[in-house]
Amino acid sequence: MIADLPYEPLLEILGVYVSAMSGALAAVRKQFDVFGILVLGWATGLGGGMLRDVLIGAVPPVGISDWRLIVTAVAGGLTMYFFHPRLERARRAIVMLDAGALAIFTVVGTIKGLELGTTATAAVVVGVMTGVGGGVLRDLLTGEVPVVLHHRQLYAVPALLGSSLVVLLWWWDRLDPWTVAASVLLVFALRVAALRFRLTVPGPWRGFPQR
Amino acid sequence: MIADLPYEPLLEILGVYVSAMSGALAAVRKQFDVFGILVLGWATGLGGGMLRDVLIGAVPPVGISDWRLIVTAVAGGLTMYFFHPRLERARRAIVMLDAGALAIFTVVGTIKGLELGTTATAAVVVGVMTGVGGGVLRDLLTGEVPVVLHHRQLYAVPALLGSSLVVLLWWWDRLDPWTVAASVLLVFALRVAALRFRLTVPGPWRGFPQR
Amino acid sequence: MIADLPYEPLLEILGVYVSAMSGALAAVRKQFDVFGILVLGWATGLGGGMLRDVLIGAVPPVGISDWRLIVTAVAGGLTMYFFHPRLERARRAIVMLDAGALAIFTVVGTIKGLELGTTATAAVVVGVMTGVGGGVLRDLLTGEVPVVLHHRQLYAVPALLGSSLVVLLWWWDRLDPWTVAASVLLVFALRVAALRFRLTVPGPWRGFPQR
């Protein structure tokens, strides 16, 4: 670990648990069976990290080899399986928790990219992928177009800023538990602000004004 | 090879051939062209193994490097290309052969995971992936939601039991050609029993009874 | 580099730029947001190469680690973002440029496969994948069935012939800048001829004639 983070395992488990709930919820809505619901939880909670690990050569990815993370994802899936009628109504809380998972995954993913000795560019890319990849996998497996690509919310942009910040901190030799925690909070705050103030990114350019 | 299996190449070729037919049939139904039909055969027959190999670092996967397996998959695709009007009517036989392919791929995939020195957890996961991954790829490439996630049949569950059994046998140092054959037969028998007796896994939980 | 090609970086940048435009155009049509449009450009321009690199173990793939290629893909995406109302009308030119990208990616991808010491079979497969993989990724991410599998045009077949030719040239020890350039031109010419003369590959076989 470049920046030895005493709180990292706790953060990661929280992120996996919450993301797995989001994946399982999508599967419940599509009337998947219980196996499909748990697989969606696993793919959403751990898919971003697995994509990152395959791309940077850290195989086998922890998403298939670490039983504690798999149990966490399955627990998130089971939580949604049994309690979805109530949790559907707690949508606001889930969206906030998902913002937390985005922040955690992005920052931890960027750091893992730096540790594996990839280029700074690759660390930024895999950081964003770790943050948004689970959701992309969830959407593809449920037959949807990935929501992060077309919903026009600020979702990937906070991740991009966060992973770029982590790479800059590493460049300046300023990566420590405090700056890492600040980076997580920054991504989280940007995402929450985007939700609160309905900040959007533009759709296709409608053409330059006629001269 | 952990367990030296004299019959393994024959099993694998049979599994690839039958799975490739299942992929090519899906492509025929979607009116793909002959290139698409053969690619679907290849992706379905060899995709589960390729997913496994990429995740455990056994690259390049045999699915792209071993011409005998590729020829087998193409042969399965061509068989379906030319004979689909008759084979459509032999659906019952195809379902049984597919159960055989599931059993073979799961057990062989789990053993390959163990050989590569991954964790026991990873061996179970990649075993199931080898068994069901080709079908998932087939469904994604034909624009369908993966059937294994929502059809409520016992399909992945026999694979999960089979790959867990293989890992237990390896743990107890009891992996030999006979116990491996027994594991293949167990997965096959469970799958056939599920078909015969219409065993299902439940869909989303409908909520706890009102108090 | 097996065949030291002085013109290779230029070719690759041109291929990435044009393919990225094709991906961004698909995203514009689906009303993706600007982040989604640029991601589609990146995935289409660099996805075939990333798929190849992951399969042959050349990680991290240049598509995530080389900022020049990423900037090129983003530039292609931005070009389409701002100029799509005019570029839509230039469809004929885009199709021709896409034929060029197919030819470049296939030949360069096959050579990279040979350099990494994979089997001849794997080099042919990854060559075709490099050529058509970006388009497959584009279609999957926009919720479409991959067009290369069902459109019945000669698109993958020229790539297959081109990558086979490169492997034969390597086998005969005849791979030099001139024969490589000739291979690129061959794929391009076949693709353009297919467009010009509406050459097609057949759909599903309709059954043998009744006896």
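Chains as they are written, first to last, in my numbering: chain V, 1 to 211; chain E, 1001 to 1211; chain S, 2001 to 2211.
C-beta atoms are modelled at their ideal positions from N, C-alpha and C, and glycine is treated no differently.
- Take the alpha-carbon of G1117/E and the one of P1006/E: they are about 22 Å apart.
- Taking the CA atoms as reference points, L1040/E sits about 14 Å from H1084/E.
- If you draw a 10 Å sphere on the C-beta of T200/V, you find fewer than 16 other C-beta atoms in it, and that means exposed.
- Spanning the alpha carbons of T1110/E and Y1017/E requires a straight line of approximately 20 Å.
- Within chain S, M2050, V2054, V2059, P2060, P2061, I2064 have C-beta atoms less than 8 Å from the C-beta of L55/V, given in sequence order.
- The alpha-carbon separation between V2071/S and T2130/S amounts to approximately 19 Å.
- Nearest CB-CB separation between K1030/E and chain S: below the 8 Å threshold.
- Counting only the Cα atoms, R2068/S lies some 27 Å from S183/V.
- A distance of 8 Å or more separates the beta carbons of G2113/S and G2133/S.
- Residue contact with chain S for V1034/E: present (Cβ-Cβ distance below 8 Å to some residue of chain S).
- Residues of chain V whose Cβ lies closer than 7 Å to the Cβ of L2141/S are, in chain order, P146, L149.
- The beta carbon of Y1081/E sits closer than 8 Å to those of A1024, V1028, V1034, I1037, L1038, all from its chain and outside the five residues before and after it, given in chain order.
- By the rule that beta-carbons nearer than 8 Å mark a contact, V1039/E touches chain S.
- For W67/V, the chain E residues whose C-beta falls within less than 7 Å of its own C-beta are T1121, listed in chain order.
- For the alpha helix (DSSP H) assignment, the uninterrupted runs of no fewer than 4 residues enclosed by the segment 2078 to 2116 of chain S are, from N- to C-terminal side, 2091 to 2115.
- Proximity of chain E to F82/V at the Cβ level (cut-off 7 Å) is accounted for by W1205, in chain order.
- Check the Cα spacing between L169/V and each of L102/V, G77/V, V124/V: the tightest is with V124/V.
- Contact note: I2070/S reaches chain V through T121, V125, using a C-beta cutoff of 8 Å and chain order.
- Taken in chain order, the whole beta strand (DSSP E) runs of length 3 or more contained in the segment 2039 to 2075 of chain S number zero.
- Under the three-state reduction of DSSP output, T1200/E falls in the strand class.
- Chain-order list of chain S residues neighbouring P202/V: D2033, V2034, by C-beta distance under 8 Å.
- Beta-bridge analysis with DSSP links Q153/V to T200/V.
- At a cut-off of 8 Å, the C-beta of A1156/E has a neighbouring C-beta in chain V.
- Between L102/V and I2064/S, the CB-CB gap reaches or exceeds 8 Å.
- Setting aside the 5 residues that flank it on each side, E2012/S is surrounded in the same chain by I2104, V2108, each with a C-beta closer than 7 Å to its C-beta; the list follows chain order.
- By alpha-carbon distance to E2115/S, the top candidate from G2048/S, R2089/S, V2167/S, R2152/S is V2167/S.
- From the beta-carbon of R2152/S, the residues of chain E found nearer than 8 Å are D1033.
- Between A43/V and R138/V, the C-beta gap is smaller than 8 Å, which places the two residues in contact.
- For V145/V, there is no enclosing alpha helix (DSSP H), since its DSSP letter is neither H nor E.
- Going by DSSP, L14/V is part of the alpha helix (DSSP H) stretching over 8 to 29.
- Contact of T2106/S with chain E by beta-carbon distance below 7 Å is absent, the smallest such distance being about 14 Å.
- Less than 8 Å separates the beta-carbon of R191/V from that of P158/V.
- With a threshold of 8 Å between beta carbons, T1110/E makes no contact with chain V.
- For A181/V, the closest of R52/V, S163/V, A75/V by C-alpha to C-alpha distance is S163/V.
- Taking the C-beta atoms as reference points, H150/V is found no nearer than 8 Å to Q2153/S.
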